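Asks: Chains as they are written, first to last, in the numbering used here: chain W, 1478 to 1618; chain X, 1478 to 1618.
Number of protein chains: 2
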Amino acid sequence: MLLTQTAEYALRAMAVLAARWSTGRVTSSQLARDANIPSHYVSKVMRRLVVAGLVDARRGHHGGFRLARAPEEITFMQVLDAVDFQSHEKHCAFGLGACDPDNPCILHPAYSALQDCFFAWAESTTLVSAREQGVDVLPAR
Amino acid sequence: MLLTQTAEYALRAMAVLAARWSTGRVTSSQLARDANIPSHYVSKVMRRLVVAGLVDARRGHHGGFRLARAPEEITFMQVLDAVDFQSHEKHCAFGLGACDPDNPCILHPAYSALQDCFFAWAESTTLVSAREQGVDVLPAR
DNA sequence: TGATCACTGGAGCTTCAACTCCACTGATGG
DNA sequence: CCATCAGTGGAGTTGAAGCTCCAGTGATCA
């Protein structure tokens, strides 16, 4: 619930890249370890972020991934969109096409409130909030 | 994203029952139609709500479902819990057991904000907000 | 008491997200 | 150039959520 597994992986990976923003590139195996993503699945997730223009990839020696722009310029919404299109389309709780504030279904107000809160969060949160935590990605033991 | 399909079905069904709160019981086929749930799947969803004590079921003539208590006494959180246990457990964005405010992972603050907003919504919203919309479940054409 | 209605619950199918595997391609350094 | 590194991308597997089917059971009405 809330986020798909892949969306969560994407956020983790981006958080790791943000933490390493000034330190060069990160390879998929490092990402797999640091972001706690199944090793063979990293490339799938990263590919979508690369295609979306959020991440820059380079092959070969000293290759790897890094953010395509500064952490403060990347919102969570952009990350979620990259892995999960239509994530910012409002959808009616009754699965109806014709449902808007003027002509709402019975769950419209309640459901709208949830979606508004989610969108506000996703659009106002950037990767800096992750980066500000410092370079240590995982909590100290 | 946000809610599972089954969770959404459960909320819809409960909204329909809330709207019919003073009008007697609703059968599964009525629920299937009004709440827009696959007809053979209604019984699965309803069963969980019955077991959770949120809905009262009766068989035979004039049987069907109705809320076990008044709409204002049923929160969305209770409904979500009924279909999807562990929905109100906070879970670390890095999938770690040991992650708390004192010893947070890098995504903790951002992720926490989202979960807080979700829990606040689920706990403060009751079925009255659905019921207040009146007896018409779907928007007028 | 029999007919019918409507929930119950188990068994099984379907679909898709999540995940794995691997051959290929491009880049770098020696 | 050759060896090696590291992302790319297609093909296939898996497991769980979502959904279907249907025989069983309990309740009501005539």
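Where is the CB? At the ideal position from N, CA and C, for every residue including glycine. Fair warning: this is a prediction, and the values are worked out from it, not measured in the lab.
Going by DSSP in three states, X/R1535 sits in which element: helix, strand or coil?
Replies: Correct three-state label for X/R1535: strand.
Asks: Can the beta-carbon of W/S1499 be found closer than 8 angstroms to that of W/S1506?
Replies: No, the Cβ-Cβ distance between W/S1499 and W/S1506 is not below 8 angstroms.
Asks: What are the partner residues of X/N1513, as DSSP defines its beta bridges?
Replies: X/N1513 pairs with nothing; no bridge assigned.
Asks: Specify the secondary structure class of X/D1558 as computed by DSSP and reduced to three states.
Replies: It is helical.
Asks: Residue range of the alpha helix (DSSP H) that W/F1596 falls in?
Replies: Counting along the chain, the alpha helix (DSSP H) containing W/F1596 begins and ends at 1585 to 1601.
Asks: Less than 8 angstroms between the beta carbons of W/G1541 and W/R1502, yes or no?
Replies: Taking 8 angstroms as the Cβ cut-off, W/G1541 and W/R1502 qualify as a contacting pair.
Asks: Give the interface partners of X/A1490 over in chain W, defined as CB-CB distance under 9 angstroms, in chain order.
Replies: Those do not exist, as X/A1490 stays about 11 angstroms from chain W at its closest Cβ, beyond 9 angstroms.
Asks: Is W/F1542 helix, strand or coil by DSSP?
Replies: Correct three-state label for W/F1542: strand.
Asks: Can you tell me which of the three DSSP states W/T1504 falls into?
Replies: Here W/T1504 sits in coil by DSSP.
Asks: Anything in chain X within Cβ reach of W/E1485, meaning under 7 angstroms, just list it in chain order.
Replies: The contacting residues are A1570.
Asks: Between W/A1492 and W/L1604, what straight-line distance do the alpha-carbon atoms span, to the nearest angstrom?
Replies: Answer to the nearest angstrom: the Cα atoms are 6 angstroms apart.
Asks: Report yes or no: is there a C-beta of chain W within less than 8 angstroms of the C-beta of X/A1617?
Replies: Residue placement at X/A1617 is poorly supported in this model, since its pLDDT is 46, which falls under 50; the coordinates still yield a value, given next. Yes, X/A1617 lies at the interface with chain W (some Cβ there is under 8 angstroms from its Cβ).
Asks: I need the boundaries of the alpha helix (DSSP H) containing X/L1526, first residue and last residue.
Replies: Per DSSP, X/L1526 belongs to the alpha helix (DSSP H) from 1519 to 1528.
Asks: Buried or exposed, going by whether 16 or more other CB atoms sit within 10 Å of the CB of W/T1504?
Replies: Per the 10 Å Cβ criterion, exposed.
Asks: Using beta carbons (cut-off 8 angstroms, strictly below), is W/T1552 in contact with chain X?
Replies: Chain X contact via Cβ: absent.
Asks: Please identify the residue among X/A1495, X/V1522, X/R1497, X/A1496 whose C-alpha is closest to the C-alpha of X/Q1482.
Replies: The candidate whose alpha carbon is nearest that of X/Q1482 is X/V1522.
Asks: Please look up how many angstroms separate the CB atoms of X/A1559 and X/A1529, rounded, as I've assumed it's under 8 angstroms.
Replies: Indeed they touch by this definition, with Cβ atoms about 3 angstroms apart.
Asks: Is the separation between the beta-carbon of W/V1556 and that of W/L1488 shorter than 8 angstroms?
Replies: For W/V1556 and W/L1488, yes; Cβs fall inside 8 angstroms.
Asks: How many angstroms separate the CA atom of X/E1570 from the CA atom of X/C1594?
Replies: Note on identity: in this sequence residue 1570 of chain X is Ala, with Glu being the wrong assignment. One C-alpha to the other measures close to 15 angstroms.
Asks: Return the chain-ordered list of same chain residues with a C-beta closer than 8 angstroms to the C-beta of X/A1587, the five sequence neighbours on each side being excluded.
Replies: Excluding residues within five positions, the ones whose Cβ falls inside 8 angstroms are A1570.
Asks: W/W1498 touches chain X at which residues, Cβ-Cβ below 8 angstroms?
Replies: Residues of chain X passing the Cβ test: none, with the nearest at roughly 12 angstroms.
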